[in-house]
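There are 4 protein chains.
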Amino acid sequence: MPGNTFGQIFRITTWGESHGPALGVVIDGCPPRLALSEETIQKALDRRRPGKGGVAETTRKEPDRVEILSGVFNGLTTGTPISLAIRNKDAKSKSYSELERLFRPGHGDFTYLKRYGIRDHRGGGRSSGRETAARVAAGAVAQVLLDSEGIKVQAYTVSLGGIRAEKMDMEQCTQNRLFCPDSYAALRMEERAAEARKAGDSLGGVVEVMATGVPAGIGDPVFDKLDAEIAKALMSIGAVKGVEIGSGFKAAELTGSQNNDPIGPDGFMSNNAGGILAGISNGEPVVARAAVKPIPSISLEQDTVDIDGNPVKLSVKGRHDISAIPRIVPVCQAMMRLVLADHLLRTRTLTAKT
Amino acid sequence: MPGNTFGQIFRITTWGESHGPALGVVIDGCPPRLALSEETIQKALDRRRPGKGGVAETTRKEPDRVEILSGVFNGLTTGTPISLAIRNKDAKSKSYSELERLFRPGHGDFTYLKRYGIRDHRGGGRSSGRETAARVAAGAVAQVLLDSEGIKVQAYTVSLGGIRAEKMDMEQCTQNRLFCPDSYAALRMEERAAEARKAGDSLGGVVEVMATGVPAGIGDPVFDKLDAEIAKALMSIGAVKGVEIGSGFKAAELTGSQNNDPIGPDGFMSNNAGGILAGISNGEPVVARAAVKPIPSISLEQDTVDIDGNPVKLSVKGRHDISAIPRIVPVCQAMMRLVLADHLLRTRTLTAKT
Amino acid sequence: MPGNTFGQIFRITTWGESHGPALGVVIDGCPPRLALSEETIQKALDRRRPGKGGVAETTRKEPDRVEILSGVFNGLTTGTPISLAIRNKDAKSKSYSELERLFRPGHGDFTYLKRYGIRDHRGGGRSSGRETAARVAAGAVAQVLLDSEGIKVQAYTVSLGGIRAEKMDMEQCTQNRLFCPDSYAALRMEERAAEARKAGDSLGGVVEVMATGVPAGIGDPVFDKLDAEIAKALMSIGAVKGVEIGSGFKAAELTGSQNNDPIGPDGFMSNNAGGILAGISNGEPVVARAAVKPIPSISLEQDTVDIDGNPVKLSVKGRHDISAIPRIVPVCQAMMRLVLADHLLRTRTLTAKT
Amino acid sequence: MPGNTFGQIFRITTWGESHGPALGVVIDGCPPRLALSEETIQKALDRRRPGKGGVAETTRKEPDRVEILSGVFNGLTTGTPISLAIRNKDAKSKSYSELERLFRPGHGDFTYLKRYGIRDHRGGGRSSGRETAARVAAGAVAQVLLDSEGIKVQAYTVSLGGIRAEKMDMEQCTQNRLFCPDSYAALRMEERAAEARKAGDSLGGVVEVMATGVPAGIGDPVFDKLDAEIAKALMSIGAVKGVEIGSGFKAAELTGSQNNDPIGPDGFMSNNAGGILAGISNGEPVVARAAVKPIPSISLEQDTVDIDGNPVKLSVKGRHDISAIPRIVPVCQAMMRLVLADHLLRTRTLTAKT
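The listed protein sequences derive, respectively, from chains A, B, C and D. For reference, each letter of the first sequence is one residue, going 1 to 354 in our numbering. For reference, each letter of the second sequence is one residue, going 355 to 708 in our numbering. For reference, each letter of the third sequence is one residue, going 709 to 1062 in our numbering. For reference, each letter of the fourth sequence is one residue, going 1063 to 1416 in our numbering.
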């Protein structure tokens, strides 16, 4: 069974390669009569684009203009599939031809060839980070549905290169290029990134996603638990190597009396559960974190082999992002939106009426 | 879409409550002509049963005898659905009646009621850890398929109550009750558990799962990446709050030059990737870890409310497990087996022939 | 992807062989808090059992007692999987051993061996008509949901051995052993069956299914149209070779002005559409017919081969049903119930709220 | 669960409205390294376009140029999603504005409004026959896979307006505009169509689809039987009201000795089964027929109502097709191709190795 579809009811299928003519997504199952425009989606896509200077600044500059090809009539969704396409404009394949016969460490070059026996080597082909543009576009449509239910999803950087945000001032997130809730930490992260750039190296980090307004009762035990679906959603982003919910890995070192969230007449008194109990939302904010590995393309020399197995020294030239953060922040946000939109609709089929 | 099915090709559907007449699983998509007996499955189930003394020792004693009801003829699978059932024997509902009107902190009592408007309060009903017996049984069948391809899956405890295994001596795993590869650490973990018991509290821990013999080329980008599916599989286990692959959360603090696995003529020179690149296995051991929260049922007094919202002081009496570890170890192993069996079969539909 | 699951939201997975220990079904996605008892299901099963004398009278006598193993608590569904099992009692495998090495014409003996490389030859194994008991049991649960929405499903015999019901007196359906709405035709059908029995031959027929009370707006274009799903549902019954909706094959010979259903202020003025337009219910009765082939097991001598390809003359001995009708009538009813229950729930996720 | 996806392994998702910017399909699960060009797909699409004169001749003239947007690299499929798009050029919405407030008899106007609470009235929106262009394009890709296994699929007209093909000369199918294997019958069908046109009426017919080279062993009992999937596939085409396999409805009137296909050392001696036994292919040609209702848009006056329930006399003006045949012939062919491609790949996961 092919793997390019996500969701059961609010279901998306993405397509497209880094250097093909276009990339896009088909959204099937979006409820009818939601107001939807290209502008709404475009705004989300623009957040994902590499900014000027700083951590993310590949020379490739894509306008990423989205076009709605179906499913919207007179500004409203019709309940039929919504097809979105984004043309690739600045796809200079030539610069990648030298990589055609190499397996870049940390990339999918080797595994894609093993999987399919053929590989579109241009810019990573399907395994490129560009694929996530379709996720962000679909996530923006999901958010229109979530808006109608009062659900908000925020994503932000809580660590980069080992530097952690100590303050959680959500208003700061829009004030710095790293979507970091701690402006002082953001400055230090930028400095750390500058050092890494100078060293020809790259950095990882941690993104946190928080959804507020999620009603209690969302999630489908036993396998499609809300946290299980969030884990899959975030881990399906290329650079993510770990996911945790609420107290996460820290829970492994706490005692029950420390980790349990007591309940009072006004609700839960803490949120170590990250808003999810037994796979179902409990009404508290849903909180997840994703560990993002450092960008594997670095100019420091690395050992690798070519497709014939001959050893090669590889140094990736040109300006590359130092970290997948901040670009991955809107992608994590999009995946959470997609999980919630899907489960919100799934809930309608089963929840008790009373 | 209901959530009790896992897998696309090797697909299981589990059913059953803690205190209902039975629990079980239907496995659809198991290839024909594999040798399968009740003994093979029973052996896996026996590993999951609470041992005598130590960390896991609920007073409930279930023989957990599995019966094969279909799909096997003359000792061979036939390719038709394999139905497995386990009767509940020692289901004393009465002892739970006091909990009928309470929401236990850290449990799904509140969220199940919100989700379904009705709740089988006896022992957690469907949200009980007993549900995992069906997973372990199905995992044993998956392993028969994996055996035919030379794939082995091991699971073991790498931390409990903050105490970490420092040595990785796999042979030790069968020598202590905690499935811990470090026998000295295991002793200290038992001590730590004894302290927690005395304090009326409970402990969490971390389980690692490692699969060897997985050929390169398994996994279905972009959403059904092998790591994404493993993340979902492990996070769908009730007590798990975090999942990581390879270097995991540590990767967020490493640089690219530290985290990339160099490639030589003899293969990858390290395994920070945990055997997975771009969502596809790379031929190295697949390594995942699951963070397990402390058991929420503790005798220390906790604040909670009853179903009418009145504040209640709750102290859970009786002998309860101190930690989901070690019982969760075979469950993590089972989930990894199920993911691999499914993806192994999925690969047959798409892998290049040459 | 294995094929023993039907439905997307109200989703059933059946299991079991003709001569295995048991057969059954797991229903996932049934809404909570519906009143459900074994008696309700048993009543539906009893309608499917071979009566005494007449068209259907295999010597095998199965009590077909159903047991609810999960998903029901205090007489109400809980929203968790409902597991139903029926033990096989009268499974005399020996009488089938002579068929172990033969391919019976019209049966799945040859194709199952080709598909799986192994075959449970006892009574047809998984391809036996006994498999439909699980469908009928699941259909009874679906009907509980349909009842809550005022939807009724009737199935009845409209032709047998070439004799057609001319009258449609629904009250007659319960008055004869053939579920035929025309009591005179039913008599002639019985006579025709007696002749066939004497001749050592068997008969086919046509079953009609009608659902009333189906609200307009059910069905999921473009592939999961309501009629497409009904077609699959009915054609998945072993003996069915044709399915039609409304005017069906006759529509191919009508003109547009004859076949179109005019619309008036009080609704549709005719029902050639069979209650479905563009794959969505239009509020009229949903009407489908299934063509049932004659039972392939006959005592008349037939040419076949054994598994080594040697020619054999086969005459199937013992008392066999003369026609799959009337036993298939409750199965057709069950499949319609399952389609409607599933689509009713699917509709909840997408239908406009206004 | 939304309904615009078909297939489990070779899985397509279609999108697009009659008068939107474009329509298309995403194919996920196509094996890698198949030679695929736009020309191959274009050729199939051209067969579906309305010819000049005769039965099908709407004034709308769409070039239907297909563009491959992803999944193909250097002329070979890569195993990643294949996205195909066809721009709508000649979409004159104005001519449909008069129908905005009417429910056309025999069309989905009423039911789409009931289903979604909103309706793209321009040319039928999503319920338009134009949607089938995407199916034909996807079917052409499926055929590339089938070609690699030696499977051929033919579709042809066996009746139109009550006139039946008496001869089955497959070479004739390409010699007349109706894809009819009986050239004399084709002439009479054209005459019958001319009469209907003069009368302001329309005609139905029957399409047969035959697949040769299908190996024995394809199909997934019990619900995803090959015939069940074909029934769904064909019935999901808008105008189809009936589907039969092999002897089909005629089987209902035959005896077992007449309908059974005897088996000899050289194989089956007849093919009443239509190539399918117990839901699995038996190596004989797979034969299905679809009953196509007459085009509902006729110039003869019909009774209907507007969206407020007021009675209206409707006469559909302009040149319309007299029959969905012959345009539906390539669509039936495409759906059979899609079913076979999907099940061919599904078989790989389960078939016995020996």
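Note that beta-carbon positions come from the ideal geometry of N, C-alpha and C, so glycine has one too.
Proximal chain D residues relative to residue i, where beta-carbon distance stays under 7 Å
i	result
Phe931 of chain C	Gly1065, Asn1066, Thr1067, Phe1068 and Ser1298
Ile363 of chain B	Thr1411
Within-8 Å CB hit, residue i to chain B
i	result
Pro1277 of chain D	no
Gly1281 of chain D	no
Asn176 of chain A	no
As assigned by DSSP and simplified to three states, the class of residue i
i	result
Met918 of chain C	strand
Val1378 of chain D	coil
Thr354 of chain A	Because the pLDDT of Thr354 of chain A is 41, which lies under 50, any placement of that residue in the model is unreliable, and the number read from its coordinates should be weighed accordingly. In the structure shown, Thr354 of chain A sits in coil (DSSP, three-state: anything other than H, G, I, E or B).
Pro330 of chain A	helix
Lys468 of chain B	helix
Lys797 of chain C	coil
Val72 of chain A	strand
Arg838 of chain C	helix
CB contact check: residue i to chain C, cutoff 8 Å
i	result
Pro105 of chain A	no
Gly150 of chain A	no
Ile472 of chain B	yes
Arg709 of chain B	As shown, chain B starts at 355 and ends at 708. That puts residue 709 of chain B outside it, with no answer to give.
Neighbouring residues, chain A, relative to residue i (Cβ below 7 Å)
i	result
Asn442 of chain B	Neighbours of Asn442 of chain B on chain A: none; closest Cβ ~17 Å, over 7 Å.
Gly787 of chain C	Leu350
Gly600 of chain B	Lys241
Any C-beta of chain D under 8 Å from that of residue i
i	result
Leu76 of chain A	yes
Under 8 Å by beta carbon: chain B residues contacting residue i
i	result
Arg1410 of chain D	Arg702 and Thr703
Pro771 of chain C	The premise fails here: Pro771 of chain C is roughly 17 Å from chain B at the closest Cβ pair, so nothing lies under 8 Å.
Residue i: contacting residues in chain A (beta-carbon distance under 8 Å)
i	result
Ile634 of chain B	Gly108, Thr111, Tyr112, Lys114 and Arg115
Gly737 of chain C	Thr349 and Leu350
Distance CB(residue i)-CB(residue j) smaller than 8 Å
i	j	result
Val1276 of chain D	Ala960 of chain C	no
Thr13 of chain A	Val1401 of chain D	no
Leu390 of chain B	Val490 of chain B	no
Val852 of chain C	Thr748 of chain C	yes
Leu1407 of chain D	Phe1072 of chain D	yes
Ser372 of chain B	Gly462 of chain B	no
Gly3 of chain A	Asp578 of chain B	yes
His697 of chain B	Asp574 of chain B	yes
Leu300 of chain A	Gly204 of chain A	no
C-beta neighbour in chain A for residue i, strict 8 Å
i	result
Leu1406 of chain D	no
Ser513 of chain B	yes
Asp501 of chain B	no
Gly1078 of chain D	yes
Thr566 of chain B	no
Thr708 of chain B	Note that Thr708 of chain B has pLDDT 40, beneath the 50 cutoff, so the model's placement of it is unreliable and the number below is only indicative. Yes - at least one Cβ of chain A is within 8 Å of the one on Thr708 of chain B.
heavy atom of the ligand COA below 7 Å from residue i C-beta
i	result
Lys468 of chain B	Of the ligands one can find in the structure shown there are none, so the ligand COA has no counterpart to examine.
Cut-off 8 Å between Cβ atoms - residues of its own chain near residue i, not counting five sequence neighbours on either side
i	result
Gly571 of chain B	Ile634, Ser635, Thr701 and Thr705
Ala793 of chain C	Ala730, Leu731, Gly732, Val774, Glu775 and Leu777
Lys1061 of chain C	In this prediction, Lys1061 of chain C has a pLDDT of 49, which is less than 50 and means its spatial position is unreliable; what the coordinates show is noted afterwards. Taken in chain order, the list of residues that qualify is empty.
Chain-ordered chain C contacts of residue i [CB-CB under 7 Å]
i	result
Glu1315 of chain D	Gly870 and Gly912
Same chain, Cβ closer than 7 Å to residue i, five either side skipped, listed in chain order
i	result
Ala1403 of chain D	Phe1072, Ala1204, Leu1207 and Leu1208
Val1374 of chain D	Leu1164, Thr1366, Val1367 and Asp1368
Leu556 of chain B	In the sequence on display, residue 556 of chain B carries Ser and not Leu. Excluding residues within five positions, the ones whose Cβ falls inside 7 Å are Ala550, Pro648, Ile649, Ile652, Ile676 and Ser677.
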